[in-house]
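Q:
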Amino acid sequence: MKNLLTIAACLILAACSSNADHSFHAEDDVKNSHMPLRVAAEQAEFYWGAAAGPQQLDEADYAVALAGNFTIFTAENVMKFPMIHPEPGVYDFSGGDKLAAFARETGQKMRGHVLIWREDLTPWLGESPSREAAIALMREHIHTVLGHYRAHYPDVFVQWDVVNEAFRSDGTLRDSGWRGAIGDDFIELAFQFADEAWPELELYYNDFFELAFNVGGSLVTAGGELDPDAIRPGLGSVGPLANCDLNTKCNGMRRYIQNMVARGVPIDGVGFQAHIGVPIAPDYPQLATWIEELGLRWALTELDSPCGPDQSGQLNEALCYPNQAQIFADVVQGCVDSPFCNTVVQWGVADHHSWWPGLSQGALANPLVLDSNYAYKPAANAVLDALLTASE
Ligand code: XIL
Numbered sequence: 014m015k016n017l018l019t020i021a022a023c024l025i026l027a028a029c030s031s032n033a034d035h036s037f038h039a040e041d042d043v044k045n046s047h048m049p050l051r052v053a054a055e056q057a058e059f060y061w062g063a064a065a066g067p068q069q070l071d072e073a074d075y076a077v078a079l080a081g082n083f084t085i086f087t088a089e090n091v092m093k094f095p096m097i098h099p100e101p102g103v104y105d106f107s108g109g110d111k112l113a114a115f116a117r118e119t120g121q122k123m124r125g126h127v128l129i130w131r132e133d134l135t136p137w138l139g140e141s142p143s144r145e146a147a148i149a150l151m152r153e154h155i156h157t158v159l160g161h162y163r164a165h166y167p168d169v170f171v172q173w174d175v176v177n178e179a180f181r182s183d184g185t186l187r188d189s190g191w192r193g194a195i196g197d198d199f200i201e202l203a204f205q206f207a208d209e210a211w212p213e214l215e216l217y218y219n220d221f222f223e224l225a226f227n228v229g230g231s232l233v234t235a236g237g238e239l240d241p242d243a244i245r246p247g248l249g250s251v252g253p254l255a256n257c258d259l260n261t262k263c264n265g266m267r268r269y270i271q272n273m274v275a276r277g278v279p280i281d282g283v284g285f286q287a288h289i290g291v292p293i294a295p296d297y298p299q300l301a302t303w304i305e306e307l308g309l310r311w312a313l314t315e316l317d318s319p320c321g322p323d324q325s326g327q328l329n330e331a332l333c334y335p336n337q338a339q340i341f342a343d344v345v346q347g348c349v350d351s352p353f354c355n356t357v358v359q360w361g362v363a364d365h366h367s368w369w370p371g372l373s374q375g376a377l378a379n380p381l382v383l384d385s386n387y388a389y390k391p392a393a394n395a396v397l398d399a400l401l402t403a404s405e
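Numbered according to this note's numbering, the sequence shown spans residues 14 to 405.
(1) Per the contact definition of three or more C-beta pairs closer than 8 Å, is the region 287-298 in contact with the region 144-151?
(2) Does the distance from the CB of aspartate 317 to the CB of serine 367 come in under 8 Å?
(3) In whole angstroms, give me the CA-to-CA distance for phenylalanine 106 and glutamate 100.
(4) Report the residue from Arg163, Ala342 and Ile85 whose alpha carbon sits nearest the alpha carbon of alanine 399.
(5) For alanine 395, collect the residues of the same chain with a Cβ closer than 6 Å to its Cβ; drop the 5 residues on either side in sequence, then sort them by chain order.
(6) Starting from the Cα of glutamate 61, find the closest Cα among Glu140, His161, Phe86 and Val77 and give me that residue.
(7) Name the two residues that bound the continuous alpha helix (DSSP H) containing asparagine 272.
(8) In the DSSP output, what is phenylalanine 7 paired with across the bridge?
(9) Locate the alpha helix (DSSP H) running through arginine 410, then write down its first and last residues.
(10) Would you please state the rounded distance, in angstroms, between the beta carbons of valine 358 and leucine 313? I believe it to be under 8 Å.
(11) My understanding is that proline 319 touches proline 380, with C-beta atoms under 8 Å, so please give their C-beta distance in whole angstroms.
(12) Near histidine 98, what residues of its chain come up, given a Cβ to Cβ distance below 7 Å and the 5 sequence neighbours on each side ignored?
(13) Among the residues of its own chain, which have a CB less than 8 Å from the CB of threonine 185, if the five just before and after it don't count?
(14) Measuring straight from C-alpha to C-alpha, what distance separates cysteine 257 and glutamate 315?
(15) Could you tell me the alpha carbon to alpha carbon distance between aspartate 174 and asparagine 336, rounded to whole angstroms?
(16) Taking its Cβ as the centre, do 16 or more other Cβ atoms sit within 10 Å of aspartate 384, making it buried, or is it exposed?
(17) Mind checking which residues open and close the beta strand (DSSP E) that includes asparagine 177?
(18) Is tyrosine 389 helix, strand or coil by DSSP?
(19) Helix, strand or coil, according to DSSP, for methionine 123 in the structure here?
(20) Go to threonine 302, then tell me how far its alpha helix (DSSP H) extends in each direction, as first and last residue.
(21) Return the residue from the list Val274, Trp303 and Asn272 that minimises the CA-CA distance to cysteine 263.
(22) In chain order, which continuous runs of the beta strand (DSSP E) of length 3 or greater are located wholly inside the region 36-114?
(23) Could you spell out where the alpha helix (DSSP H) holding valine 344 opens and where it closes?
(24) Please look up how many angstroms separate the CB atoms of glutamine 121 and phenylalanine 59, rounded, as I've assumed it's under 8 Å.
(25) For serine 143, does the count of other Cβ atoms within 10 angstroms reach 16, so buried, or fall short, so exposed?
(26) Suppose you measure from the CA of proline 136 to the CA of alanine 393; what does that come to, to the nearest Å?
(27) Go ahead and label alanine 194 buried or exposed: buried means 16 or more other beta carbons lie within 10 angstroms of its beta carbon, across all protein chains shown.
(28) Below 8 Å on the Cβ atoms is my guess for glycine 108 versus proline 167; work out the distance and round it to an integer in Å.
(29) Skipping 5 residues on each side, what residues in its chain have a beta carbon closer than 6 Å to that of alanine 54?
(30) If I follow the unbroken beta strand (DSSP E) through leucine 135, where does it start and stop?
(31) Under the rule that 16 or more other beta-carbon atoms within 10 Å means buried, what is proline 219, buried or exposed?
(32) By a C-beta neighbour count over all protein chains shown, 10 Å radius and 16 as the cutoff for buried, is serine 182 buried or exposed?
(33) I need the boundaries of the alpha helix (DSSP H) containing glutamine 374, first residue and last residue.
(34) Count the other CB atoms, across all protein chains shown, that sit within 10 Å of the CB of glycine 347; report buried if there are 16 or more and exposed otherwise.
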């Protein structure tokens, strides 16, 4: 606990240098309870992270938990297109800047999320924009956002999700404002603009391979929308579908990315979101084989795995915490063991921040390694054990 309090004092007094050695008090934590996850991740030179929001930074418990347990974090929402670029020509960097200033203060890193998703471009370009107008908007957006953070926080950002969720489960490209106006090369154009704007940044394509989870009988995608045509019920990338040859979505994405790499389009990595709504972890190392063969990196960018509540609304910890811990152990260990993976980010800081209850109308919750009191769950200890194997 002393270590976390030290970090809290740093934050409040702003008295610590940005490369403060937070492992200094680790022995106390080991004696009293456990080594903080952040210390284990630092020892392993591993990016173990969380999704975070700027408003919650004002809550002391939240700030301490974020600073004390993670080496990296992602803006959960505030750096998405409509938030950071709310009107044509208008940018709002306040939320991202607050997070980035916090990261600098605590000596943490950030992943940028996300430049290009499924935006409806009508508010920016009107109905049926031309290819040229949409390309100009994309170029402006990417250069402005990356230009701002490169100018002000070059020491904070190490990776950025350039394009998110462009493929459907059948391996074809999804409809979106960008694809509709620009055509199928909108993905590679986004990577070219991002590389122009910030060549040193690691640029990721990000998507989900954990197919449908059943919520009240409806098929819901990890993006939260009903997508019955695109989704085949099943265990997603578990079992045989962990083989990219048999996974139609992975296949489509692989073809596109192989083609990009063959023509020298600058992409550095592929992010698997890892919203795991089934009680078994997908085999990410197996699914990532082709990525490694291309010489690209891979990451688990939005990891979470719900635990209950059951039909009476109760959380049965004895029933689901061990299995949840096994899922986190498998996922983190798979990344730790690969020379091409050094990043796992969970989607939220503690259970009460998770998007799952909202997404599932309360049916699924408690998907992270810290509980709603910021206490370590068995999954936190499982992550700790996996991180410790990296520095052995
Ligand atoms: C989610 C956020 O967690 C929610 O708060 C928001 O309402 C919707 O977006 N894939 C992604 C993330 O890439 O950006 C999404 O985040 C979850 C699915």
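No residue lacks a Cβ here, since even glycine has one placed at the ideal position from N, Cα and C.
A: Taking the definition as stated:
(1) No, the region 144-151 is not in contact with the region 287-298.
(2) Closer than 8 Å, so yes.
(3) Looking at the two C-alpha atoms, the distance is approximately 13 Å.
(4) Distance from the Cα of alanine 399 is smallest, within the candidate group Arg163, Ala342 and Ile85, for Ala342.
(5) For alanine 395, where only same-chain residues beyond five positions count, the Cβ hits under 6 Å are Ala338, Phe341 and Ala342.
(6) Strictly speaking, residue 61 in this sequence is tryptophan, with glutamate absent from that position. Minimum Cα distance to tryptophan 61 is reached at Phe86.
(7) Here the alpha helix (DSSP H) through asparagine 272 covers 261-275.
(8) Here the chain comprises residues numbered 14 to 405, so residue 7 is not present and cannot be evaluated.
(9) With the chain covering only 14 through 405, there is no way to say anything about residue 410.
(10) Correct: roughly 7 Å between the Cβ atoms.
(11) In this structure proline 319 touches proline 380 by the C-beta definition: roughly 4 Å separates them, less than 8 Å.
(12) The answer, listed in chain order, is Tyr104 and His154.
(13) Excluding residues within five positions, the ones whose Cβ falls inside 8 Å are Gly265.
(14) So the alpha carbons of these two residues sit roughly 20 Å apart.
(15) Each residue's Cα considered, the two are about 30 Å apart.
(16) Note on aspartate 384: 16 or more other CB atoms within 10 angstroms of its CB, so buried under the neighbour-count rule.
(17) Start and end: 170-177.
(18) Strand, per DSSP.
(19) In this structure, methionine 123 counts as strand in the three-state DSSP scheme.
(20) Taken as a continuous stretch (DSSP letters only), the alpha helix (DSSP H) holding threonine 302 covers 302-306.
(21) Per the Cα distances, Trp303.
(22) Listed in chain order, they are 60-65 and 85-88.
(23) First-last of the alpha helix (DSSP H) with valine 344: 330-349.
(24) With a Cβ gap of about 13 Å, glutamine 121 and phenylalanine 59 do not count as contacting.
(25) Result: exposed.
(26) Straight-line Cα distance between these residues: approximately 43 Å.
(27) Under the 10 Å beta carbon count, alanine 194 is surrounded by 16 or more other beta carbons and is classified as buried.
(28) Proline 167 and glycine 108 do not touch by the CB rule: their CB atoms are close to 19 Å apart, not below 8 Å.
(29) Once the five neighbours on either side are set aside, the close Cβ partners of alanine 54 are Trp61, Thr84 and Leu400.
(30) According to the sequence as given, residue 135 is threonine; it is not leucine. Per DSSP, threonine 135 lies in no beta strand (DSSP E) segment; the continuous alpha helix (DSSP H) that holds it begins and ends at 135-138.
(31) Per the sequence shown, residue 219 should be read as asparagine rather than proline. Asparagine 219 should be labelled buried.
(32) It is buried - the Cβ of serine 182 has at least 16 other Cβ atoms within 10 Å.
(33) Unbroken run through glutamine 374: none, as it is neither H nor E.
(34) Buried: at least 16 other Cβ atoms inside 10 Å.
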